[in-house]
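Visitor: Under this note's numbering, residue 417 is the last one in the sequence shown; the count climbs by one each step, no gaps.
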Amino acid sequence: MVVKIALGVTGCIGAYKAAQILRTLQELGAEVDVVMTRNALSFIQPLTFQALSGRQVITETSDTNEDSEILHISVAQKIDLLLVAPATANILAKFAHGIADDFLSTLYISTPAPTLIAPAMNVVMWQHPATQENIQKLRHRGVEFIEPESGYLACRMEGKGRLADTDLIAKHAVELATLSQKRRLSSLSPNRDFLGESVLITAGPTREYIDPVRFITNRSSGKMGYALAEAARDRGAKVTLITGPVSLQPPDGITVVNVVTSKDMFDAVHNHIPQSTIIIKAAAVCDYRPNRVAKEKIKKSGETFSLTLEQTDDIVASIGKIKEDRILIGFAAETEKVIEHAEKKLISKNLDLIVANDVKAEGSGFDVDTNRATFITKDGQRQDLPLMTKRELSDQILDRALKIKVLKQESLNKTA
Ligand code: PMT
């Protein structure tokens, strides 16, 4: 089924690149309506887009179609995605503040479809706090961005502001449009889009006992994993939460398995793999445990005391070896070289997605209600997310899991 995309083109020197984006979208099977702002007309002629798309280009708010419907409403209702590329600082400001004074800004405010924006502008405009605040505001509303690249800009300055690679923009746009179409066609409301999925989530720390009264553990509170469990439940999934010892109340309506040690967690996870379609490992499993647990409380003796530790089994890596077509998502809790270390874990543990969080950063990581993460996928895509609540991040992770599932299915269909 053809996906329908509205391609918004705004007034900047990179506007001519929108023609290449249009070509690639069409090659990827999308049906595209081009919407140009008045300023875009100073940089490229509508005729270019009309000749390429074979469709009328929309430039004015007052246009109506043959049925005399208001055109922006009919476009708003039919599209699977609104893509704006290139997007100027001006259109970002209008979107962020709900100003609807031309076709494109009216379309943004009237469509239920998701929006993807690829900005392009002068480096100073890009760095300006007004632009960055508008981007944050839109991100919080769920708008996705493909950030500009750094390099030599048309304004003869060096820096960030050049439109991202046109193929990357088009590919990402078609992925998002396919996902949004899937939701629309299944006539599910977007927040019940996990019906039929069985999601296995791990949360919290493990405890590795030294003796009956002492143990090694870490700072995990379970908040991230519990937020994931709640979000998956709210979206219609059957949820199993395998949790280390935490002081949180688990969400209603899910299966909860309490564990203590990494060995308990390993066994519980493996018992639940067969019935799971998506597995998310948010738990902070201890990497080492004492090589023997004393039966009785160890008595104080001498000035120093040594423990010999042995490695625990890597649970997520063991799932990676047998996961078949299940989606496997891991986290990376890092304090330095966050992306580099996360990328290594993504590969070595055979994950589909790794959620990298800098656990030293303010408001991020252990025992807080917020988190700032970067998504890295197997196909090399990277998305830096802003600081948000753990619940908001959970929904972003679930969105990404579904997207990966659609892509996996498509590639299976192609090879079948
Ligand atoms: O619980 P909170 O207070 O809300 O904090 C959230 C969090 C910081 C714990 C969470 O966001 C997070 O980063 N979880 C992963 C913590 C971790 O153990 O990261 P790691 O980089 O050491 O491990 C990488 C991955 O391997 C993780 O998915 C982990 O679950 C998994 N792992 C690690 C060791 C092991 N023996 N078995 C595993 O499955």
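We put the beta carbon where it would ideally sit given N, CA and C, even for glycine.
(1) Taking N91 as part of the alpha helix (DSSP H), name the residues at either end of that continuous run.
(2) For the ligand PMT, is there any heavy atom lying closer than 7 Å to the beta carbon of S248?
(3) Could you pull out every residue in the same chain whose Cβ sits closer than 7 Å to the Cβ of R24, ignoring the five residues on either side in sequence?
(4) Got a sec: does the ligand PMT put a non-hydrogen atom nearer than 7 Å to the Cβ of A7?
(5) Just grab the DSSP bridge partners of K161 for me.
(6) Could you tell me the alpha carbon to alpha carbon distance between T375 and I405, rounded to whole angstroms?
(7) Straight-line CA distance for T11 to T167?
(8) Under a three-way DSSP split, which group does G390 fall into?
(9) At the level of alpha carbons, what is the spacing between E411 and P120?
(10) With hydrogens ignored, establish whether the beta-carbon of G321 is closer than 7 Å to any heavy atom of the ligand PMT.
(11) Would the C-beta of S395 count as close to the ligand PMT, meaning under 7 Å from any of its heavy atoms?
(12) Quick one: complete alpha helix (DSSP H) runs, 4+ long, within the stretch 232-281?
(13) Determine the direct distance from the alpha carbon of S248 to that of A7, and round the result to whole angstroms.
(14) With 16 other CB atoms within 10 Å as the buried threshold, where does K18 fall?
(15) Mind checking N66: buried by the 16 CB within 10 Å criterion, or exposed?
(16) Can you find at least 3 beta carbon pairs, one from the stretch 257-274 and one from the stretch 174-186, that sit closer than 8 Å?
(17) Identify every residue that forms a DSSP beta bridge with M37.
(18) Taking Cβ positions, are R236 and N192 nearer each other than 8 Å?
(19) Have a look at G15 and A88 and give me their C-alpha separation to the nearest angstrom.
(20) Answer yes or no: the CB of M389 versus the heavy atoms of the ligand PMT, is any distance below 7 Å?
Guide: By the coordinates alone:
(1) 90-98
(2) no
(3) L53.
(4) no
(5) Beta-bridge pairing links K161 to S151.
(6) 16 Å
(7) Here the alpha carbons of T167 and T11 stand approximately 15 Å from one another.
(8) For the sequence presented, residue 390 should be read as Thr rather than Gly. In the three-state reduction of the DSSP assignment, T390 falls in the strand class, which pools E and B.
(9) 29 Å
(10) Answer for G321: no, Cβ out of range of the ligand PMT.
(11) The answer is no for S395.
(12) 263-273
(13) Separation of A7 and S248 (C-alpha to C-alpha, rounded to the nearest whole angstrom) is 48 Å.
(14) buried
(15) In this prediction, N66 has a pLDDT of 48, which is less than 50 and means its spatial position is unreliable; what the coordinates show is noted afterwards. It is exposed - the Cβ of N66 has fewer than 16 other Cβ atoms within 10 Å.
(16) Three or more beta-carbon pairs separated by less than 8 Å are not found between the stretch 257-274 and the stretch 174-186, which leaves the two stretches without contact.
(17) Here M37 is bridged, per DSSP, to V10.
(18) yes
(19) 9 Å
(20) no
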